[in-house]
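Student: Chains as they are written, first to last, in my numbering: chain R, 92 to 207; chain X, 92 to 207.
C-beta atoms are modelled at their ideal positions from N, C-alpha and C, and glycine is treated no differently.
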DNA sequence: CCTAAAGGCAACTAGGAGGTTGCATAAATG
DNA sequence: CATTTATGCAACCTCCTAGTTGCCTTTAGG
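(1) Along chain R, in chain order, which residues have C-beta atoms closer than 7 Å to that of residue 67/X?
(2) Starting from the Cα of residue 160/X, find the closest Cα among 179/X, 108/X, 169/X and 167/X and give me that residue.
(3) Quick check on this structure: which residue in 107/X, 158/X and 106/X has the alpha carbon closest to the alpha carbon of residue 120/X?
(4) Between the Cα of residue 169/X and those of 133/X, 106/X and 107/X, spot the shortest distance and give me the residue it belongs to.
(5) Less than 9 Å between CB atoms is the rule here; does residue 156/R satisfy it with respect to chain X?
(6) Identify which residue in 204/X, 197/X and 186/X has its Cα closest to the Cα of residue 115/R.
(7) Give me whichever residues DSSP pairs with residue 170/R in a beta bridge.
(8) List the residues of chain R that residue 187/X touches, going by C-beta distances under 8 Å, in chain order.
(9) Using a 10 Å radius around the Cβ and a threshold of 16 neighbouring Cβ atoms, would you call residue 128/R buried or exposed?
(10) Output, in sequence order along the chain, the residues in the stretch 189-206 of chain R whose CB is closer than 7 Å to any CB in chain X.
(11) Tell me the DSSP bridge mates of residue 175/R?
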């Protein structure tokens with residue numbers, strides 16, 4: 092039984108932004124995202140180059156990103172290719188937009204009150 | 092010596108987004124930010140209402156947000172008022188904008204290549 | 001002064017995160 | 001088939017995090 096689907100029942104791109112933010116809260120993972128952001132899939136060995144980590148360390152970070160839905164993996168021969176998935180980060184970006192918008196509205200109301 | 096400035100030498104609003112993302116990676120802290128996002132400062136006792144945490148638990152989360160620069164505290168009598176500081180979240184928002192932009196550019200190049 | 005409200009500080013626990021090492025497995029290659 | 005390459009798995013370690021509890025300090029109000 093080789094169930095290596097993609098363990099979807101855990102935490103896909105839910106409306107919950109906290110796990111995605113937590114996955115973004117590490118410089119190594121941000122660097123991995125930056126590398127994969129060009130749309131090209133890469134193997135673990137490729138992604139391990141340039142980090143002062145062991146391959147296993149990089150693998151763990153990739154698993155964190157995968158469980159947050161930010162990257163997806165697919166086996167190609169003996170290699171495991173990771174690719175960027177844009178939806179989760181677009182989701183937290185719009186979440187931050189709403190936070191900033193709330194702040195701007197509060198500022199506007201304050202300004203209107205002061206000038207009244 | 093009452094040095095309660097704001098311990099600035101640690102990690103203000105640096106260009107490093109990872110600590111801010113890490114601070115955002117908790118639902119309790121996101122809820123606290125949402126409350127303070129209306130621009131009104133609140134005491135710890137006020138902010139503790141509505142959470143199933145002890146006051147000390149909420150205090151710890153507020154300290155995490157403060158060290159990330161997302162909120163600021165100021166003593167008012169016997170109360171400690173926390174207020175929202177917009178810069179760090181605006182910073183990580185623009186960081187996410189650049190990530191999404193990199194992705195969009197990659198998609199455009201891929202599309203142009205396929206259509207060529 | 002005494003009391004109640006608001007916090008701060010320190011200790012302690014449980015669990016997860018980041019990272020390592022060692023060994024096993026699968027696939028490409030000669 | 002033997003070997004190298006690319007991973008996976010499991011155990012282990014250390015440190016941080018989330019959360020609690022208990023107690024001490026400061027302040028507002030009678």
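Tutor: By the coordinates alone:
(1) For chain X, the structure presents residues 92 to 207; residue 67/X sits outside this window and is missing.
(2) Ranked by how close their Cα comes to the Cα of residue 160/X, the residues 179/X, 108/X, 169/X and 167/X have 179/X in first place.
(3) Measuring from the Cα of residue 120/X, the nearest candidate turns out to be 158/X.
(4) Minimum Cα distance to residue 169/X is reached at 133/X.
(5) At a cut-off of 9 Å between C-beta atoms, residue 156/R does not count as an interface residue with respect to chain X.
(6) The shortest Cα separation from residue 115/R among 204/X, 197/X and 186/X belongs to 186/X.
(7) Beta bridge pairing from DSSP links residue 170/R with 167/R.
(8) Chain R residues near residue 187/X: 180, 183, 184 and 187.
(9) That one is buried.
(10) Those would be 190, 191, 193, 194, 197, 198 and 201, in chain order.
(11) Looking at the DSSP assignment, residue 175/R forms a beta bridge with 162/R.
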